[in-house]
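Trainee: First residue of the sequence shown? That's 2 in my numbering, and the numbers climb one at a time after it.
Cβ coordinates follow ideal geometry from the N, Cα and C atoms, glycine included.
The structure displayed is predicted, hence computed values, not measured ones.
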Amino acid sequence: MEEWEGKLPPSLLEKLVLGVVRKRDPRVLVGPSVGEDAAVIDFGDKVLVVHSDPITGAVRNIGWYAVHIACNDVATRGAKPRWLLPVLLVPRGRIELVERIAADV
Numbered sequence: 002m003e004e005w006e007g008k009l010p011p012s013l014l015e016k017l018v019l020g021v022v023r024k025r026d027p028r029v030l031v032g033p034s035v036g037e038d039a040a041v042i043d044f045g046d047k048v049l050v051v052h053s054d055p056i057t058g059a060v061r062n063i064g065w066y067a068v069h070i071a072c073n074d075v076a077t078r079g080a081k082p083r084w085l086l087p088v089l090l091v092p093r094g095r096i097e098l099v100e101r102i103a104a105d106v
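#1: Mind checking which residues open and close the beta strand (DSSP E) that includes residue 42?
#2: Just to confirm, are residue 102 and residue 64 a CB contact at a threshold of 8 Å?
#3: Rank 60, 69 and 32 by C-alpha distance to the C-alpha of residue 82 and give the top, closest one.
#4: Of the choices 59, 77, 71 and 14, whose alpha-carbon is the least far from that of residue 87?
#5: How about residue 50 and residue 78: do their beta carbons lie closer than 8 Å?
#6: Report the option in 38, 4, 58 and 94 whose CA atom is closest to the CA atom of residue 19.
#7: Grouping DSSP H, G and I as helix and E and B as strand, with all else coil, what is residue 106?
#8: By DSSP, does residue 53 sit in helix, in strand, or in coil?
#9: Determine the burial state of residue 56: buried for a count of at least 16 other Cβ atoms within 10 Å of its Cβ, exposed for fewer.
#10: Span of the alpha helix (DSSP H) holding residue 75?
#11: On a CA-only basis, which of 94, 90, 41 and 106 is nearest residue 80? Give me that one, please.
See below:
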């Protein structure tokens, strides 16, 4: 059995996740795949660009990276970033880390 830490390697991501959750709705113009961090969904006269990407490897300015990476991925699809839904996964008992990340956002 292959072991990893952090993000799945592309080969495992493709095999274990993306092969199962490929776009099923015809309104999904750009769906999940390796290297695609923003999806595009057709709503008729408008499209919605959504983003999901974990911030890994950063030890400082994590909130700043979360905002700027998300906005960059949305902008590369030709959309204007409007909203942000940050997700924080932190070690147990690290309140000061949560406060620091939130201040960066």
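Mentor: So, from the listed chains and residues:
#1: Start and end: 39–43.
#2: For the pair residue 102 and residue 64, the CB atoms are nearer than the 8 Å cut-off.
#3: Nearest Cα to residue 82 within the set 60, 69 and 32: 69.
#4: The residue with the shortest Cα to Cα distance from residue 87 is 71.
#5: Residue 78 sits close to residue 50, with the two beta carbons spaced by under 8 Å.
#6: Distances from the CA of residue 19 to each of 38, 4, 58 and 94 were compared; the closest alpha carbon is that of 38.
#7: Coil at residue 106, not helix or strand.
#8: Correct three-state label for residue 53: coil.
#9: It is buried - the Cβ of residue 56 has at least 16 other Cβ atoms within 10 Å.
#10: Residue 75 -> alpha helix (DSSP H) spans 63–76.
#11: Among 94, 90, 41 and 106, the Cα nearest to that of residue 80 is on 41.
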